[in-house]
Every structure is written in C-alpha cells, then in structure tokens.
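Visitor: The opening position of the sequence shown corresponds to residue 14 in the working numbering, with each subsequent residue numbered one higher.
Just passing along the structure, written as structure tokens.
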Amino acid sequence: MVPLPSGTVTFLFSDVEGSTQLLERHGALMGEALSRHHDLFEQVVERHQGAIFETVGDAVYAAFARPQDAVAAALEAHRGLASEDWGPIGRIAVRIAVHTGAVERRGDHYFGPALFRCARLQVLGYGEQTLLSGVAARLVGDALPHGASLRDLGQHRLKDLGEPEQVHQLVHHDLRGDFPALKSLDTHPHNLPLALSSFVGRETELHALGELLDAKRLVTLIGPGGIGKTRLALQVAAEQIERHSDGVFVVDLAPLRDAALIAGTISITLGLREQAGQSISETLHEHLKSRRLLLLLDNLEQLLPTAARAVADLLVSAPGLHVLVTSRAPLRLRGEHEYRVPPLTAGKRDQLDTTPPPAVALFLERARAVQIDLVVDATAGPLIAEICECLDGLPLAIELAAARLRLLSLTALRERLAQRLPLLTAGSRDSPERQQTLRATIAWSEELLTPPQQQLFAQLGAFVGTFSLEAVEAVAAADLSGAVLDELGALVEHSLMRNADDPIGAPRFAMLETIREYALERLEARGEAADIRDRLAAYLVNLAEESEPRLTTREQTETLRQLDLELDDVRAALSWLRVRGDVQQLGRLAAALARYCTHRG
C-alpha cells in the first residue's frame, strides 16, 4: 500500500458525470457500477504510486508524490472505464482534475487551498475529460505517458474568484478530444471581482442559499458588520452564474447616501446609457424586463426604507430578475426571504486533529499569510479554537486577530483579547474604511440608528449574559417613553442584537461579545454607565427576592432554570455593588440567592 505523500502533493479529483440521474434511473444497478468504478480507481491509482485518501459517493480523491504519476493514472482510468461493459447504464464517464500544491497533512486528512483549487478546476470539465492546472502542467513537462500531450485551453477564472488559472487538457488518441467550452466564469457575463484571499467554510450556507435563489427571487443576507455577508454573497453569485443566462452583476451601494441614485448606479454597472425621452430608471427597467439576470446589491442598509421600494419596482417589471441583497437590516418586502448569516463555528478544542472547524480554518489560513511556519500542535490547536470562540466566530475579527501574529504569540494574543476593540485594528489597506477596524464596522451600524435606538443600544451594553424583555424594560423604559419593544426590534433588525435560545420559551436577547464591548464603550461615553448598572442591579435584586419563595414550592425546577439564565448578570451585579459600596443592595441580593446557591452548589 502506497503511503500518503506530504509537503507538495499532486491531487487527482474525479467524479462521474450525471451520477445523480444515473442513480435515479438505474438504482441498485448503478450502485454496483459505482462499486466497480471505485475498485478500478483503487487499482489504477496504486499502480501509479498514488493513494486514495477519500471517496464520497461517486467522487474519488487521490494524492501522488509526482504529477506525472497522476496524469498516467488519469489516462489509464479513462481507458479502463471505456473498456468496461456497463450493461443498461451505457457508459461511466468521469471528469478528472490534476493540480499540485503545498498542503498540510494530519493523519489521513489534507488541509490547504490546493484542495479547493483542484475541486474548482474539476467542475470546469466534462465526462471523459482530464484538466490540469498550470502548475501541474509545468511540473509534468515532457514526462507524459507515451502518445499523450497537453492542449493549452487558456486562462480561466474559477468559481473560487481567485486568480485566473492556466488550464490544460490531457490529449491522447484513446481519449475523446472534442468538448464544449469550459464551464468557467468567463463563459458568462459578469463583473465578479477578483478575490485576493480564499473563501473558507460556509458549505452549508452556500447550499442553502443556492436552493433559496432557485426558489425565491429576492433573498437578503442579514447580519452584523464583519460576519462575512459580502464574501458569502459573492461566492453564492459565482455558484449561480450558469442559472442566469444574461449574467451576474455586483452593485456596490456602500458609497451611496441617496436612494434616488440606485437606478443610476445599477445602470452604470450594466453599461447602460440614458436614452432620449427616457429617465435612467425607465431605461434600466426596459433593459431588465426581458432578461434572466442576478443582481447582487451589496450594502443596502443605509438606503432603507426608500431603497426597498426601488428593489420591489425592479422585481415587478423584470420577471426574469433575481436579486441577492446584503444588508444589516431586512427590506421588509413581500416575497423577501431573510437569511441570517451565522458566525463561523469554532468547534471543540479537543477535536482539531481532524478537519478544523470553519473559524479555525479561517484563522489558520490568514495567520499563515504572516507567519508561514505556524504549527498546530496539542498546545496551539486549543488556543486557536479559544481565540476564535472569544471573537464570536466573526470572520472580520478573526482575520484582524490573525494579522496580529506579526507581533504577538498565540498566548499573548489570547491574553490581549480581554479588550478586543483596541487590538482588532490595522485591517487590509484595500478594504473599505469601515472594515479596517472592528470598531469602525460596528460604528457604521450604530450611525444608522435613531437617537433613541442609539441610547438603548448603549444601555444594553451593561448586560453580560442573555436578557429578557422585562429586564430591558426595567433598565431602559424610563428613557424611551414606553417604546421599548419597537426599539428593541430595531436593534435586532440592524443585526446589533440577536434572539437567544431559551429552554423555558420566554423571549430572550443577546449581543455578540465584540458588539457588547462597543456598546459598553458608548454607554460610558454617554456618562450613563453607573446609573444603568444601578438599575440593572435593582432589577436583579427584585427578581431574586420574588423568586426565592418559589424555590420551596412545586415551581422550584422552573424557578431554578429562570435564575440560571440570569446568573452571568447576577455575578456582574454582585461585583458592581461591591465596587459601589452599596452594602444594603448587596446584602439583599446575597440573601435572596442563598437558597438558589444551596440547590446549585
């Protein structure tokens, strides 16, 4: 058995063209065929000094120490499949990609951008076709199987939005040679930007959003600043490009402050000019009405609510139009599907020896851009997971933190994250100004709030854990003329707050810790911090005293769970009252919690 290579590895990725349809049509017969297909690949790969490290359904993933061995295996695999009798199935045609790159190997698993690049290269091709990346073709050179050659198919942009790839096709008299144009981004109209860093994780979100856009014409990606809405939307748009015959176009609305400029901005993006006797809006509507096109409207939040009407008008006049929006708040339109973009998961700290969770994978990739020799061992792995967890899984925060490894060790970085906002600065100079520090990203959202909403946002920074509507009313109602629910809803809509899971069922809310830190800064800047902490402590004293008698009744279990939910803020209140020197309130709270502490130990 050939051992898995390490370091610079050549990958061969293969899958069966039309396997889903073949499986639906032939059932168990196709299952048997796939088993024979896998056996054939195992024999071929091993004969050419390679090793299969994973199979998923009809897909085979193999690794080779030398690129010429991978090419020879690809040629033999095509020959072997063509010579087999597949009965009623007719033929089994595979598309193969060969790419070489540096990767990290842990056990039987590989990690690194090279794998994603190979997968993206593979989906350009067709059954019976083998494609090589530029680097694999250069390394193979003249060491090709007898009678084989490489045909240069030119540069193509892959759906990873990275640098164009010089693609080559394996040519041999035993292989089919004529194929349609490669399924790259270049075969469709688009203005998708070049991504200077790779897309990490989000497979679940990509799949869900692809299905949504197939079924819905308006999908809005909602989330706080730094959650990765734009990068996710761009990747979704790239994946969708073949479904929109007239193209996929990105419209950056962040610089706009007047919704009346939206039609003109979209028109400029599409290359339209104002026609005589028509407004630019009329020209745009006329152009779109007969086209199948996807518009990605990026950063719409500052133009709401007026912008929502403009989007609605476009959808009504252009039945073939699909719109993907990124915003920190929903449009509130009929037919809109809101998709809340979740943070990246950091996973369990003791399970990083296999596939790293998305947050950790992102941190590692960005960290190795500034510290190429970063090694993930038994000490570093859990520390990185803890850093990502501390950063709430926010991609922007993770990227900013990883960049700090230019100066800090992992241990020093973790220690300094007690105060995130001063640390998470100095983002990429080519990023928008609002994304160069975490503080600027949150401030952009805060500026879109009304003054009462800004006040409530700051006041909620005093909460440490999750909190109930009743708690918010007790702390903030006096300043909001009773409109707490409306203003609270606005903060949720603007992605500055989120609904929190509550096992009891009553509504509760929470802030991401990075956002809470900013809110607390704003509260202190307003000079209200002491007053709000006093109000919160008074609320918790009353809650504890009202709950204490129920701990001796049949309501005990539910009451204990209710107090569990308040525990983080209770601890903070005890600390605050000690600092404040409020012996009376401190004594009341401690006495009311005595029975609870007895039950909980």
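Ideal Cβ positions, reconstructed from N, Cα and C, are used throughout, including at glycine.
Which same chain residues, not among the five before or five after Thr278, have their C-beta less than 7 Å away from its C-beta?
Guide: Once the five neighbours on either side are set aside, the close Cβ partners of Thr278 are Val264, Leu266 and Leu269.
Visitor: Our contact map puts Leu423 next to Ile397 with C-beta atoms below 8 Å; I'd like the distance itself, whole angstroms only.
Guide: 7 Å
Visitor: Under 6 Å Cβ to Cβ from Gly594, same chain only, skipping five residues before and after it: list those, please.
Guide: Here the set comprises nothing.
Visitor: Since Leu163 contacts Val184 with CB under 8 Å, what's their CB separation in whole angstroms?
Guide: 7 Å
Visitor: Run the CB neighbour count on Asp121, radius 10 Å, all protein chains shown included, and call it buried at 16 or more, exposed below.
Guide: exposed
Visitor: Excluding the five sequence neighbours on either side, which residues of its own chain have a C-beta within less than 6 Å of the C-beta of Glu526, listed in chain order?
Guide: Around Glu526: Asp405.
Visitor: If you count every other CB in all the chains shown that lies within 10 Å of the CB of Cys131, and 16 or more means buried, which is it?
Guide: buried
Visitor: When DSSP labels each residue in this structure, what does Ser27 get in the three-state scheme?
Guide: strand
Visitor: With 16 as the cutoff for other CB atoms within 10 Å, does Ala607 come out buried or exposed?
Guide: exposed
Visitor: When you compare the CB positions of Ala250 and Val261, do they come within less than 8 Å of one another, or not?
Guide: The Cβ atoms of Ala250 and Val261 sit closer than 8 Å to each other.
Visitor: Taking Val263 as part of the beta strand (DSSP E), name the residues at either end of that continuous run.
Guide: Val261 to Asp265
Visitor: Do Pro158 and Val111 have their C-beta atoms closer together than 8 Å?
Guide: no
Visitor: Whole-angstrom Cβ separation of Ala86 and Val116, contact assumed at under 8 Å?
Guide: Not quite, the Cβ-Cβ distance comes to about 18 Å (not below 8 Å), so this is no contact.
Visitor: Buried or exposed for Glu11, please, with buried defined as at least 16 other CB atoms from any protein chain shown within 10 angstroms of its CB.
Guide: Nothing about residue 11 can be read from this structure; the chain reaches only from 14 to 614.
Visitor: Out of curiosity, what's the CA-to-CA distance linking Asp71 and His181?
Guide: 24 Å
Visitor: With distances taken between CB atoms, is the gap from Ser211 to Gly175 smaller than 8 Å?
Guide: With respect to the 8 Å criterion, Ser211 and Gly175 are classified as neighbours on the basis of their beta carbons.
Visitor: Just the Cα atoms here: how many angstroms apart are Gly333 and Arg230?
Guide: The alpha-carbon atoms of Gly333 and Arg230 are separated by roughly 9 Å.
Visitor: Under 8 Å, do Ala380 and Ala415 count as touching if we go by C-beta distance?
Guide: yes
Visitor: Please state whether DSSP places Glu97 in a helix, a strand or coil.
Guide: coil
Visitor: Starting from Tyr552, trace the alpha helix (DSSP H) in both directions and tell me its first and last residue.
Guide: Ala542 to Ser560
Visitor: So, Pro615 versus His39, is the Cβ gap smaller than 8 Å?
Guide: Here the chain has residues from 14 to 614 only, and residue 615 is not among them.
Visitor: According to DSSP, is Phe66 helix, strand or coil?
Guide: strand
Visitor: Kindly indicate which residue of Lys302, Thr243, Lys196 and Ser458 has the alpha-carbon position closest to the one of Leu317.
Guide: Ser458
Visitor: Can you find the residues in the same chain that come closer than 7 Å, C-beta to C-beta, to Ala487, ignoring five residues on each side of it along the sequence?
Guide: Arg548 and Tyr552
Visitor: Using C-beta distances below 6 Å, list every residue in its chain close to Gly478, excluding the 5 sequence neighbours before and after it, in chain order.
Guide: In chain order, Asp581 and Asp582 place their CB closer than 6 Å to the CB of Gly478, counting only its own chain and leaving out the 5 sequence neighbours on each side.
Visitor: What are the start and end residues of each continuous beta strand (DSSP E) run of 3 or more residues lying completely inside the stretch 216 to 282, in chain order?
Guide: 231 to 235 and 261 to 265
Visitor: Could you tell me the distance, in whole angstroms, from the CA atom of Ser280 to the CA atom of Gln468?
Guide: Approximately 39 Å between the Cα atoms of the pair.
Visitor: Assuming Ile105 contacts Leu25 under a Cβ cut-off of 8 Å, what Cβ separation, rounded to an integer in Å, is found between them?
Guide: 17 Å between Cβ atoms; not a contact.
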